[in-house]
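Count the sequence shown with my numbering and you get residues 246 to 345, in order.
We treat Cβ as the ideally placed atom computed from N, Cα and C, and that holds for glycine.
None of these values were measured; they are calculated from a predicted model.
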Amino acid sequence: LANTPPPAGQRPDLTPAVELLEKAIAVDPMFHAAYVQLGQMKLAQATDLTKAKEVVELYDKGLEYCRTPEELKDICSMRILTVAQIDAAHALHMETLNMQ
């Protein structure tokens, strides 16, 4: 779904992919890859820093279900990067992560 290119000049509609990943997590809360992909998509769609902070909460939820050190490392890395982006946006007095 997310690999379908949008028309020129438009961003892809990630809504169907986000919905499927949310369903996957509801069915299997230990589906580590779904947390990683969903977090990346939600961060790309974040219209403000509050939405970006919700991604950190998603990663926190995913951390509760990690089964291996690799899964823990993966989600921790994504969480750290997201927090760093939010902190940088605050320091630069930005209201969104969008650099445009």
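Nearest-angstrom beta carbon gap, residue j and residue i [assumed within contact, 8 Å]
i	j	result
Met275	Arg324	With 8 Å as the limit, Met275 and Arg324 do not qualify as a contact, their Cβ atoms being about 17 Å apart.
Leu326	Leu317	Not quite, the Cβ-Cβ distance comes to about 15 Å (not below 8 Å), so this is no contact.
Own chain partners of residue i with C-beta closer than 7 Å, once the 5 adjacent residues on each side are dropped
i	result
Lys298	Ile331
Glu267	Leu283
Glu340	Asp293, Leu294
Proximity to residue i [Cα-Cα], best of the options
i	options	result
Gln290	Thr260, Ala253, Lys306, Tyr280	Thr260
Leu265	Gln255, Lys318, Gln282, Gly254	Gln282
Ala334	Lys296, Asp319, Ser322	Lys296
Ala336	Leu294, Cys321, Ile320, Asp258	Leu294
Asn343	Thr292, Pro314, Ser322, Gly254	Thr292
Spatial neighbours of residue i in its chain, beta-carbon cut-off 6 Å, leaving aside the 5 residues before and after
i	result
Tyr310	Pro274, Met275
Spatial neighbours of residue i in its chain, beta-carbon cut-off 8 Å, leaving aside the 5 residues before and after
i	result
Asp305	Arg324
Thr303	The sequence shown places Leu at residue 303, not Thr. So the qualifying residues of the chain are Tyr280, Leu283, Gly284, Lys287.
Asp319	His277, Val281
Val328	Val301
Ala269	Phe276, Ala279
Ala253	none
Please list the segments of the beta strand (DSSP E) lying wholly inside the segment 284 to 344, counting only runs of 3 or more residues, in order along the chain.
none
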